[in-house]
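Student: Residue numbering for the sequence shown follows UniProt numbering, beginning at 1 and increasing consecutively. Submitted below is the structure of interest, expressed as structure tokens.
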Amino acid sequence: MARALNRMTEFLQQNVQPQQGDQSRVVQTGCTYERFLAHRTPALTRDEDLLNARRWIEDLERTFEVCGCIEAQMVLYGSYMLQGEAANWWETKRQVLEMELGSFAAVSWQRFKKEFDDSFFPISMRRQKAREFNDLAQGYMTVEQYARKFMELGRFAPHLIAIEELQVERF
């Protein structure tokens, strides 16, 4: 499997072209599967806590950034890290997306994340976390505990803390 992923990576590296009108940009070639794996992003099973599933995506994105992965590698490498029920979910979803979009290569990272969130982190859970953030009060928490909770829940209500002044006011 790793050999197949490396061949696909090589193909992508050889065939990535700058967009028309953007010839001055350097073509990014991405990273090898071995380099991606060296960062030890954990695999994900369906049994994970919903918040852990969201953190998993964030961990993947940090790894992609450090490795310099290109879009097609993000979907390929990220989906390969799914195991068990999560891998079964992806196989079914991948077939549906391939029929809809015409090929696996047409699946963007944004689309993968949307499908992932819809399945693993449903809108009802996101709304609940946004409400928890909106209702957050320090109460008996220390400043450190409150700050940690503020940052954890603030990810689910970015519209409330998008501007630094709003963030300070909210804190």
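Even for Gly, the Cβ is constructed at its ideal location relative to N, Cα and C. Computed from a predicted structure; not experimentally measured.
1. Specify the secondary structure class of LEU82 as computed by DSSP and reduced to three states.
2. Give the range of the alpha helix (DSSP H) segment to which THR63 is assigned.
3. Using DSSP's beta-bridge definition, name the partner residues of LEU44.
4. How about LEU37 and GLN83: are their beta carbons less than 9 Å apart?
5. By a C-beta neighbour count over all protein chains shown, 10 Å radius and 16 as the cutoff for buried, is GLN73 buried or exposed?
6. Say whether the region 116 to 133 touches the region 97 to 107, bearing in mind that this needs 3 or more beta-carbon pairs closer than 8 Å, one atom from each stretch.
7. If we call anything under 9 Å between Cβ atoms a contact, is PHE121 one with LEU76?
8. Going straight from the alpha carbon of VAL27 to that of CYS69, what length do you get?
9. Within 10 angstroms of the Cβ of THR92, are there 16 or more other Cβ atoms? Answer buried if so, exposed if not.
10. How many angstroms separate the CA atom of PHE150 from the CA atom of GLY102?
Tutor: Taking the structure as given:
1. strand
2. 50 to 67
3. The bridge partners DSSP lists for LEU44 are LEU82.
4. no
5. buried
6. no
7. no
8. Caution applies to VAL27, whose pLDDT of 47 falls short of 50 and renders its modelled position unreliable; the model cannot decide the point.
9. The residue is exposed, with fewer than 16 neighbouring Cβ atoms inside 10 Å.
10. 42 Å
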